[in-house]
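The numbers in this note's numbering rise by one with no breaks, and the one at position 162 of the sequence shown is 483.
A quick write-up on the structure given underneath.
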Amino acid sequence: MSKCIYCVEEKDPSAFDRDHVIPESFGKFENNLTLHQQQVCRDCNQYFSKKLELFLGRDTVEGTFRYVSGPKDPKDFTTVKESRLLYKLAEEGPWKGAMLRRVTHDKIDAVNQVAFQQRNTGNWVFFPIEDVPSGHELKKQGFILKGDKSFKMVVHPDFGEKKLKQLLTEKGLDIEPDGEVMDFKSGQEKVMVEIQQTVDKVILRGIGKIAFNYLTYAQGADFVLDKRFDGFREFIRYGTTSDTPHVWIEGRPIWLDRKRLPTKHVQEHWVLIDWDETTIFSLLSLFNLTMYKVQFCRRFLVLPGDIRTGNRFNVKTKKISKLYHPPLGLFTA
């Protein structure tokens, strides 16, 4: 019998699957780092695939980079219905801030929406049609609802301006026929787009799972089955929270080399394990975009040895290389 590092249930060896440190949706690598010695059970593996890794791949900025830097074929692009990614028109002009949706890896389309101008600031705020507040609420928030060009509408050709105005009327908004209407045609030209991402518990758990797999690969199942990791493993497997955060965004790439980063390091994933004499933690970045810090447990005062280690995963060359840890505590390639 073997014990799963996540659900901590003892199961027959036949109930376990191999599990990659970096999900295969983010690249396949030579001599890949894989857990295969009865460490992750099939039930947990399937749960992670459907509930965490699916959204990590399809609903994050890092996931979209799979179609730019590899390893995914652009024609296989797919997304989720209620996306954590919000696309906005970033170019200066009357439609700056209009919301868009991504239909392929390199094409965007219209979102049916309406914009109202704030009386105090003069700024235009866009609302998707399903989220437009009532006329009373908009007036309360200081939006201009009457007058020359008091609104803007973005209308998808398949939806139609008449239907959009009808829905607004049902919300108590008597739209006058003097606003601006943009008939958006997909694929007309290249545009500058701003992407906003919501990083919620599902995404943080997906990141944490990669880091915990890496720690297991480096130190073995017996080490991570220590009860001091129970809070972390329950967060990954069940979403259980505690007063101490387990995963958060540090904000910067692990290695900010401006000369080389555009051509090389956005093709790489970085995973590091470190210890600050009390806490075991990981630094992790997919495509070297956003750095996440993963705190496995606190008050781990005695280690069996130097656990500090790191690897780079190049999605173009499919090579995995070691990161070296000098005494100063800074990782180098």
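A virtual CB, placed ideally from N, CA and C, is assigned to each residue, including glycine.
Keep in mind that this is a model prediction, so the values were computed, not measured.
Query                                                                                                                                                                                : Result
Does the count of Cβ pairs from the segment 604-616 and the segment 526-543 closer than 8 Å reach three?                                                                             : yes
Which residue comes first and which comes last in the alpha helix (DSSP H) that contains Phe553?                                                                                     : 551-559
Which one or two residues does DSSP pair with Ser323 in a beta bridge?                                                                                                               : Lys332
Answer with buried or exposed for Val476, where buried requires no fewer than 16 other C-beta atoms within 10 angstroms of its C-beta.                                               : buried
Might you give, ordered along the chain, the residues of its own chain that have their beta carbon closer than 6 Å to the beta carbon of Phe556, omitting 5 neighbours on each side? : His567
I'd like the ranges of any beta strand (DSSP E) spanning at least 3 consecutive residues and lying wholly in the segment 331-398.                                                    : 337-341, 355-362
My guess is that Pro334 and Gln359 are in contact by the Cβ rule of under 8 Å, so how many angstroms apart are they, rounded?                                                        : 5 Å
Between which residues of its own chain and Pro449 is the CB-CB distance below 8 Å, once the five residues before and five after are set aside?                                      : Met420, Val432, Asn433, Gln434
Using 8 Å as the threshold, is the segment 621-641 in touch with the segment 346-356, meaning 3 or more CB pairs across them?                                                        : yes
Pick helix, strand or coil for Gly626, following the three-state DSSP scheme.                                                                                                        : coil
Counting Cβ pairs, one atom from each stretch, are 3 or more of them under 8 Å apart for the segment 403-417 and the segment 611-619?                                                : no
Pick out whichever of Asp597, Ile594, Ser603, His590 has its Cα sitting closest to the Cα of Gly391.                                                                                 : His590
Helix, strand or coil for Pro498? Go by DSSP, reduced to three states.                                                                                                               : Confidence at Pro498 is low in this model, with a pLDDT of 49, below 50, so its placement is unreliable and no value can be given for it.
Which residues in the same chain as Gly456 place their Cβ atom closer than 8 Å to its Cβ, once the five residues preceding and following it in sequence are excluded?                : Leu466, Lys492, Gly493, Leu494, Asp495
What would DSSP say about Arg526, mapped onto helix, strand or coil?                                                                                                                 : helix
To which residues does DSSP link Thr638 through a beta bridge?                                                                                                                       : Thr638 pairs with nothing; no bridge assigned.
By Cβ distance below 8 Å, which residues in the same chain neighbour Arg405 in space, the five residues on each side in sequence not counted?                                        : Phe376, Asp380, Thr381, Gln518, Thr519, Val520, Asp521, Ile524
Who are the near neighbours of Ile570 in its chain, counting only those whose CB is closer than 7 Å to its CB and skipping five residues on each side?                               : Val520, Thr611, Tyr613
What three-state label does DSSP hand Ala436 in the structure shown?                                                                                                                 : strand
Quick one: is His341 buried, meaning 16 or more other Cβ sit within 10 Å of its Cβ, or exposed?                                                                                      : buried
Taking Ser346 and Glu383 to be in contact with their CB atoms under 8 Å, please state how far apart those CB atoms are, rounded to whole angstroms.                                  : Not confirmed; about 11 Å, so no contact.
Would you say Gln588 and Asn632 are within 8 Å of each other, going by their C-beta atoms?                                                                                           : no
Whose CA, out of Leu593, Arg554, Lys643, Thr630, lies closest to the CA of Tyr327?                                                                                                   : Arg554
One question on the structure: do Lys332 and Leu546 come within less than 8 Å of each other, judged by their Cβ atoms?                                                               : no
By DSSP, does Lys460 sit in helix, in strand, or in coil?                                                                                                                            : helix
How many angstroms separate the CA atom of Ser471 from the CA atom of Gln438?                                                                                                        : 7 Å
Taking just the CA atoms, how far does Lys473 sit from Ala436?                                                                                                                       : 5 Å
Among all the DSSP beta bridges, which residues are the ones paired with Asn632?                                                                                                     : Val592, Lys643
Of the residues Thr425, Ile429, Thr399, Lys461, which one's Cα is nearest the Cα of Arg440?                                                                                          : Lys461
Within the same chain, show all residues whose beta-carbon is closer than 7 Å to that of Leu488, passing over the 5 residues directly before and after it, in chain order.           : Ile450
If you draw a straight line from the C-alpha of Ile429 to the C-alpha of Asn444, how long is it?                                                                                     : 24 Å
Let me know the secondary structure DSSP gives Leu536 once reduced to three states.                                                                                                  : helix
Applying the criterion that 16 or more other CB atoms from any shown protein chain within 10 Å of the CB defines a buried residue, is Arg658 buried or exposed?                      : Limits of the chain in this structure are 322 at one end and 654 at the other, which puts residue 658 out of reach.
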